[in-house]
Ligand SMILES: CC(C)(COP(=O)(O)OP(=O)(O)OC[C@H]1O[C@@H](n2cnc3c(N)ncnc32)[C@H](O)[C@@H]1OP(=O)(O)O)[C@@H](O)C(=O)NCCC(=O)NCCS
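Residue numbers (the numbering used here): 50 to 207.
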């Protein structure tokens, strides 16, 4: 964490009023971060697609973080997590990933497997996954990406 410490945020489901902020969300500097940003920016117009959901983290009414995921009983695929570049390293990304895990776990009485693809150079996202004890493999489709999975059983604390 930087000297500013943890940013207190409220995490809630996306609503129509967030659309403009999410479609203009700025969370990227590097190429692989821009891919994650693109997923977030396109997400409001994809919400009609079955099952895709968004959580937003807000601070003082501003959207500072967004995650896009699909959760079915037993399985959750996290398509993207993004935090405003101005708020990186203040715990918001970790908070959002844990919020998705709590949400999906509640729908999965037998436990849940969390899946995501992360570029191998994406230090922050890989740190978050490491802190959550994620298992990591090189993606079979693209050697620049890690395929990460976290298995959470009913009795596990998130
Ligand atoms: C990845 C991202 C969501 C992380 O959000 P964040 O709010 O900065 O994350 P957190 O503050 O919760 O955690 C960041 C962790 O990375 C660590 N970190 C910071 N810089 C790092 C670096 N260069 N290399 C490795 N780890 C780093 C921090 O110390 C922290 O770990 P800690 O809790 O053990 O101290 C954010 O950087 C982002 O939006 N990136 C662009 C979009 C993206 O790439 N998303 C992921 C792919 S879907």
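Cβ coordinates follow ideal geometry from the N, Cα and C atoms, glycine included.
Spatial distance of residue i from residue j (CA atoms)
| i | j | result |
| --- | --- | --- |
| residue 105 | residue 85 | 15 Å |
| residue 78 | residue 165 | 20 Å |
| residue 206 | residue 151 | 9 Å |
| residue 168 | residue 204 | 31 Å |
| residue 99 | residue 199 | 23 Å |
| residue 190 | residue 80 | 18 Å |
| residue 157 | residue 163 | 11 Å |
| residue 133 | residue 124 | 27 Å |
| residue 130 | residue 90 | 11 Å |
| residue 197 | residue 88 | 18 Å |
| residue 102 | residue 116 | 8 Å |
Those residues which DSSP pairs with residue i across a bridge
| i | result |
| --- | --- |
| residue 130 | 116 |
| residue 121 | 124 |
| residue 198 | 164 and 184 |
| residue 207 | According to DSSP, which records beta bridges pairwise, residue 207 is partnered with nothing at all. |
N-terminal and C-terminal residue of the beta strand (DSSP E) that residue i is part of
| i | result |
| --- | --- |
| residue 162 | 161-168 |
| residue 88 | It is not in any beta strand (DSSP E) - residue 88 instead sits in the alpha helix (DSSP H) that spans 80-95. |
Per-residue burial, residue i [other beta carbons within 10 Å of its own, 16 or more giving buried]
| i | result |
| --- | --- |
| residue 55 | exposed |
| residue 47 | Any property of residue 47 remains undetermined from this structure, which presents the chain solely from 50 to 207. |
| residue 75 | exposed |
| residue 171 | buried |
Span of the alpha helix (DSSP H), counted from its first residue to its last, around residue i
| i | result |
| --- | --- |
| residue 105 | Note, residue 105: premise wrong, no alpha helix (DSSP H); beta strand (DSSP E) at 101-108. |
| residue 71 | 68-72 |
| residue 141 | 141-155 |
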